[in-house]
Amino acid sequence: MGLFIAQAQAAAGFLSIAEDVPLMPGLAESPEAATVFDKPSGRIANTEAKGAVTAAAVRQFYAATLPQLGWQSAGAERYRREAELLRLSFTGRDGALTVRFELLPNQ
Numbered sequence: 188m189g190l191f192i193a194q195a196q197a198a199a200g201f202l203s204i205a206e207d208v209p210l211m212p213g214l215a216e217s218p219e220a221a222t223v224f225d226k227p228s229g230r231i232a233n234t235e236a237k238g239a240v241t242a243a244a245v246r247q248f249y250a251a252t253l254p255q256l257g258w259q260s261a262g263a264e265r266y267r268r269e270a271e272l273l274r275l276s277f278t279g280r281d282g283a284l285t286v287r288f289e290l291l292p293n294q
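First residue of the sequence shown? That's 188 in our numbering, and the numbers climb one at a time after it.
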């Protein structure tokens with residue numbers, strides 16, 4: 188599993204909406220897609236990243252790296268940590284994939 192941490196550190200960095208969620212190598216965040224709202228119940232934020240990757244590779248990367256950063260699996264493409272829920276969703280096709288990241292208060 189240390190390999191995935193090394194991959195996360197070698198990634199292009201972290202998401203602009205969450206400094207503790209790595210950006211998978213091969214994905215590029217779309218800066219114009221990022222939105223953040225701070226609410227009394229917690230932040231609501233989302234962004235998108237695109238790349239020539241497969242949905243299976245994205246799932247594998249985040250399933251391996253997020254638990255090492257304190258996130259716990261909460262179902263398909265969902266991760267929970269403290270007061271936040273992270274959801275991943277996909278549009279496009281393998282090789283031209285868009286990954287949407289949504290941070291929501293964990294209720």
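Cβ atoms here follow ideal geometry from the backbone N, Cα and C, with glycine treated the same way. In this text the structure is predicted, and so the values were computed from the model without any measurement.
In chain order, what residues of the same chain have a beta carbon less than 6 Å from the beta carbon of residue i, not counting five sequence neighbours either side?
{"i": "R265", "result": "R274"}
{"i": "L272", "result": "L291, N293"}
{"i": "G200", "result": "L210"}
Going along the chain, which residues of its own chain have a beta-carbon closer than 8 Å to the beta-carbon of residue i, five neighbours each way excluded?
{"i": "K237", "result": "L214, A215, S217, G279, A283, L284, T285, V286"}
{"i": "T234", "result": "L202, S203, I204, E216, S217, A220, A221, T222, R287, F288"}
Quick check on the DSSP output: the alpha helix (DSSP H) that includes residue i runs from which residue to which?
{"i": "T252", "result": "242-252"}
Evaluate residue i with the Cβ neighbour count: other Cβ atoms within 10 Å of its Cβ, from every protein chain shown; 16 or more gives buried, anything less gives exposed.
{"i": "V223", "result": "exposed"}
{"i": "A232", "result": "buried"}
{"i": "P227", "result": "exposed"}
Following the continuous beta strand (DSSP E) through residue i, name the residue where it begins and the one where it ends.
{"i": "A236", "result": "229-238"}
{"i": "G279", "result": "271-280"}
For residue i, which residues from the same chain have a beta carbon less than 7 Å from its beta carbon, with the 5 sequence-adjacent residues on both sides left out?
{"i": "Q259", "result": "Y266, R267, R268"}
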